[in-house]
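*Asks:* Can you read through this structure? Questions will come right after.
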Amino acid sequence: MDLKDKLVSSFLAFENRVDVDAYAHDVRSEAIKIFEEKGFPSKKEEAWKYTSLNSILKEDYSVFPKQENALEYHEVKKYFIHDIDTYKIIFIDGKYSSHLSQTTHDGIDVCLMSAALSKPKYQLVIENYFNKAAEKDSLSALNTAFSQEGAYIHIPKNKIVEKPIQIIHFSTGNESATMLQPRNLVVVGENSHVQIIERHQSLTDNPVLTNSVTEVFASKRAIVDYYKIQNDKATASLIDNTFIKQKRESLASVHTFSFGGKLTRNNLNFYQEGERIDSTLKGITIIGEKQHVDHNTLVHHIEPNCESHQDYKGIFGDRSTGVFNGKVIVEKEAQKTNAFQANNNILISDKASINTKPQLEIFADDVKCSHGCTIGQLDESAMFYMRSRGIPKKEARALLMFAFSNNVLESVKIPELKQRITKIIANKLGVNIGFDL
Amino acid sequence: MLKINNLHASVEDKTILRGVNLEVKPGEVHAIMGPNGSGKSTLASVIAGREDYEVTEGNIIFEGEDIEELAAEERAHKGVFLSFQYPVEIPGVSVTNFMKTAINESRKARGLEEMPAKDMLKLIREKSEMLEIDRKFLSRSLNEGFSGGEKKRNEIFQMAMLEPKLAILDETDSGLDIDALRIVANGVNKLKSKDNAVVVITHYQRLLDYIVPDYVHVLHNGRIVKSGSKELAHELEAKGYDWIKEEVGA
Chain A
0 MDLKDKLVSS FLAFENRVDV DAYAHDVRSE AIKIFEEKGF PSKKEEAWKY
50 TSLNSILKED YSVFPKQENA LEYHEVKKYF IHDIDTYKII FIDGKYSSHL
100 SQTTHDGIDV CLMSAALSKP KYQLVIENYF NKAAEKDSLS ALNTAFSQEG
150 AYIHIPKNKI VEKPIQIIHF STGNESATML QPRNLVVVGE NSHVQIIERH
200 QSLTDNPVLT NSVTEVFASK RAIVDYYKIQ NDKATASLID NTFIKQKRES
250 LASVHTFSFG GKLTRNNLNF YQEGERIDST LKGITIIGEK QHVDHNTLVH
300 HIEPNCESHQ DYKGIFGDRS TGVFNGKVIV EKEAQKTNAF QANNNILISD
350 KASINTKPQL EIFADDVKCS HGCTIGQLDE SAMFYMRSRG IPKKEARALL
400 MFAFSNNVLE SVKIPELKQR ITKIIANKLG VNIGFDL
Chain B
0 MLKINNLHAS VEDKTILRGV NLEVKPGEVH AIMGPNGSGK STLASVIAGR
50 EDYEVTEGNI IFEGEDIEEL AAEERAHKGV FLSFQYPVEI PGVSVTNFMK
100 TAINESRKAR GLEEMPAKDM LKLIREKSEM LEIDRKFLSR SLNEGFSGGE
150 KKRNEIFQMA MLEPKLAILD ETDSGLDIDA LRIVANGVNK LKSKDNAVVV
200 ITHYQRLLDY IVPDYVHVLH NGRIVKSGSK ELAHELEAKG YDWIKEEVGA
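Those sequence lines, one after another, are chains A and B. Under numbering that gives the first Met the number 0, the first residue of the first sequence carries the number 0, and numbering increases by one thereafter. Under numbering that gives the first Met the number 0, the first residue of the second sequence carries the number 0, and numbering increases by one thereafter.
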């Protein structure tokens, strides 16, 4: 039985097992129909032209991990940003770990999707927001059908959440292959501010496939900063579907740091539903071996006087492959839009490749939209210059790569996180030098 | 200190150096002059270890060791320094951080600990004052948006920081106004000692009024065709290079 059939046929059993309200039940039942009809995307679809899921779909995934596994903090401490105080919502093989988590209901809700989907006190929020931003594409629908666990974050208006929130999904791989479908919902009230750090981390060499959906709602003048650390094992693949709806004068940013994993697909979608909205999408991708990272972005400018800033840097070594597909739609009403998009890439191996494609659909006439893609090699004369000063080849290369991606790193607002990412990059490049550029 | 024997070098199968012989002893200043295209910059790059130049014959002995097989950074660690004719712009890397990395990598290669931050700052302050470099300048991206003069001054600042045994100054005077030229030359003179040596590559005699050479060599068509004292530079300034070409061509 292939994975699609396996998922579809296990839906009923899943529905019977979990306890949800009627609204969620209806949403799920509709979603499984969409998935059943569409199936997994293939390379025939324009949006999947350069990314094939075939190699990861052939595994015999356990779709509902049976065993509950425990982890001790010291075993996984290194995956946390542990030098600052944070809220933590931690999952092990899709199950909530109260032991590793630190949630709250003190004026804000930083807790669990499973609770929100089943308890009456959350019903109104669920009915207003759950599955209201996600598209009806097959992978999001698949996640919706099986949505059960994940982070539920609800910040009422006028709250500055002082501590960042970490969401970490660990997989232990006690099953031979595991499929996870976390579902996160983030609702941020007027004038409120929240910072979220998300990570998926496999602790095994067994295959793991994560198909994640995150919906974010930023109300009037809210500020949401979302950071995604993708530094997983070479046997773990991730399809991240993130949908962000913004109301007027809100600021939302997503930074995606992709260094690990086998196949990573980021479907990142912003919808601007008000005036003077600012959306930021930035990313650094540094991969090698046979890794594949695909950034598929959409910014939908619907109302006037809004901005969007996209800046993605990619460095590709060995036989790795990258994709950037950045779509910007500017509706007729969205006059005075300022949409900026840049995608710069360096290929450090003859066998690495990148496919980059900006897609601008502009229906308004008074807008500023710019886009630029570059693909190059490391500057040889810069290499010689640095080496002639005594900086060895590997370090010189690393320094150039840091410099290349520095403006994305610079915009990370949590210093400890910035430091951590710098360290991950240095590790990835096999160097040990202080890059306080 | 440096001994170059019958050096032939080519780039992309084009032969540029055709048998250069040169000996530089500690404490000496040598000037290498010559018309455009004579191979001056190639010679500098080959000594510093640029990979796209291929040595096809002869050798380069530095402090008794054949350095041909050494990478550029290894030559730097041994004390070779090249002041670039066209310093490369490196956006995103500040002058200070670049120097810190360069110094600490050199120290690492020599088996020394990293330089303590306090000493590093002191050294940077000292050397930047010597070359009259504004502090603000040091936090800017390396060479990015620098004027021609700023770039050259920055090269000599790096030389001052690294204290090489052998400094090769490739057209350091080009792009400098007279004040900057004086500052740069002053810096080089202050760094000079009986233990180190300087090779000045220049098209014009102007810089040699400030950095006075012990020997002047004329490079033409990939060979040193004439050597002499500093008076040779004056003669070249007055008469140009054509008489040399004729002399050699004959």
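Backbone N, C-alpha and C fix where the C-beta goes; we use that ideal spot for every residue, glycine too. Here the structure is a predicted model, which is why all the values come from computation and not from measurement.
Where are the beta strand (DSSP E) runs, 3 residues long or more, that stay fully inside the region 174-227 of chain A, in chain order?
*Replies:* 177-179, 182-187, 192-201 and 207-217
*Asks:* B/E104 CB to nearest chain A CB: under 9 Å?
*Replies:* True, the Cβ-Cβ gap to chain A drops below 9 Å.
*Asks:* For B/H76, decide whether its Cβ has a neighbour in chain A, counting only Cβ atoms nearer than 9 Å.
*Replies:* yes
*Asks:* For B/V92, I'd like the list of residues in its chain whose CB is within less than 6 Å of its CB, leaving aside the five on either flank, ordered along the chain.
*Replies:* Only L141 meet the Cβ criterion.
*Asks:* Candidates A/H300, A/I374 and A/L377: which alpha carbon is nearest A/K331's?
*Replies:* A/H300
*Asks:* Does DSSP put A/L436 in a helix, in a strand, or in coil?
*Replies:* Because the pLDDT at A/L436 is just 43, under 50, the model does not fix this residue reliably, and the point stays unresolved.
*Asks:* Taking one C-beta from the region 259-267 of chain A and one from the region 381-399 of chain A each time, how about it: are there three or more such pairs within less than 8 Å?
*Replies:* no
*Asks:* Going along chain A in order, which residues have a C-beta closer than 8 Å to the C-beta of B/G91?
*Replies:* F401, A402, F403, N405, N406 and L436
*Asks:* Buried or exposed: which applies to B/E72, given that a residue is buried once 16 or more other Cβ atoms fall within 10 Å of its Cβ?
*Replies:* Taking all protein chains in view, the Cβ of B/E72 is crowded by 16 or more other Cβ atoms within 10 Å, so the residue is classified as buried.
*Asks:* I need the straight-line Cα distance from B/V215 to A/I286, nearest angstrom please.
*Replies:* 52 Å
*Asks:* Would you say A/P119 lies against chain B (beta-carbon separation less than 9 Å)?
*Replies:* It does not; no Cβ of chain B falls within 9 Å.
*Asks:* I'd like to know whether the C-beta atoms of A/A221 and A/E189 end up nearer to each other than 9 Å.
*Replies:* yes
*Asks:* From which residue to which residue does the alpha helix (DSSP H) around A/Y384 run?
*Replies:* E379 to R386
*Asks:* Checking contacts by CB at 9 Å: is B/V19 closer than that to chain A?
*Replies:* Taking Cβ atoms only, chain A never reaches closer than 9 Å to B/V19, which makes this a no.
*Asks:* Give the range of the beta strand (DSSP E) segment to which A/Q165 is assigned.
*Replies:* Following the DSSP letters along the chain, one finds A/Q165 inside the beta strand (DSSP E) bounded by residues I164 to S170.
*Asks:* Please classify B/S196 as buried or exposed, where buried requires at least 16 neighbouring CB atoms within 10 angstroms.
*Replies:* In the sequence as displayed, the identity of residue 196 of chain B is Ala instead of Ser. Its Cβ being crowded by 16 or more others within 10 Å, B/A196 is buried.
*Asks:* In three-state DSSP terms, what is A/G282?
*Replies:* strand
*Asks:* Check the C-beta distance from B/F97 over to B/V79 and give it rounded, since I have them as a contact under 8 Å.
*Replies:* No, B/F97 and B/V79 are not in contact; Cβ-Cβ is about 18 Å, not under 8 Å.
*Asks:* Taking 9 Å as the cut-off, decide whether the C-beta atoms of A/F242 and A/A115 are in contact.
*Replies:* no
*Asks:* When we look at the beta-carbon of B/V199 and count the other beta-carbons within 10 Å, is it buried (16 or more) or exposed?
*Replies:* buried
*Asks:* If the criterion is Cβ atoms closer than 9 Å, does the pair A/I167 and A/K87 meet it?
*Replies:* yes
*Asks:* Take B/L137 and list the residues in its own chain whose beta-carbon comes closer than 6 Å to its own, dropping the five residues that flank it on each side.
*Replies:* Within its own chain, the residues whose Cβ lies closer than 6 Å to the Cβ of B/L137, once the five positions on either side in sequence are excluded, are V94 and T95, listed in chain order.
*Asks:* Round the Cβ separation of A/N210 and A/I238 to the nearest angstrom and send it over; I've been treating them as touching at under 8 Å.
*Replies:* 5 Å
*Asks:* Roughly how many angstroms separate the alpha carbons of A/T467 and A/S369, rounded to a whole number?
*Replies:* Given that chain A is displayed from residue 0 to residue 436, the structure contains no residue 467 of chain A and the question cannot be resolved.
*Asks:* Go through its chain and collect everything with a Cβ distance to B/K24's Cβ below 8 Å, but skip five positions before and after it.
*Replies:* M0 and A196
*Asks:* Is there contact here, the region 200-209 of chain B with the region 29-37 of chain B, by at least three beta-carbon pairs under 8 Å?
*Replies:* Touching, per the Cβ criterion.
*Asks:* The beta strand (DSSP E) that contains A/N337, what's its start and end?
*Replies:* N337 to L346
*Asks:* Just to make sure I have the definition right: I need the residues of chain B whose C-beta is within less than 8 Å of the C-beta of A/Y384. Which are they?
*Replies:* F83, P86, V87 and I89
*Asks:* Taking a cut of 9 Å between CB atoms, which residues from the region 29-60 of chain B lie near chain A?
*Replies:* S44, A47, G48, R49, E50 and D51
*Asks:* So that I know if they touch, is there some Cβ in chain A lying closer than 9 Å to that of B/E251?
*Replies:* The structure shown has nothing for residue 251 of chain B, since chain B only spans 0 to 249.
*Asks:* For B/Q204, which three-state DSSP category applies?
*Replies:* For B/Q204, the secondary structure class from DSSP, reduced to helix, strand or coil, is coil.
*Asks:* Using the three-state DSSP reduction, which class does A/E306 fall into: helix, strand or coil?
*Replies:* strand
*Asks:* For A/M112, does the three-state DSSP call read helix, strand or coil?
*Replies:* helix
*Asks:* Taking the alpha-carbon of A/G93 as reference, which of A/E71, A/L138 and A/N183 has the nearest alpha-carbon?
*Replies:* A/N183
*Asks:* Give the range of the alpha helix (DSSP H) segment to which B/F97 is assigned.
*Replies:* V94 to A108
*Asks:* Suppose you measure from the CA of B/L190 to the CA of A/Q290; what does that come to, to the nearest Å?
*Replies:* Distance between the alpha carbons of B/L190 and A/Q290: 50 Å.
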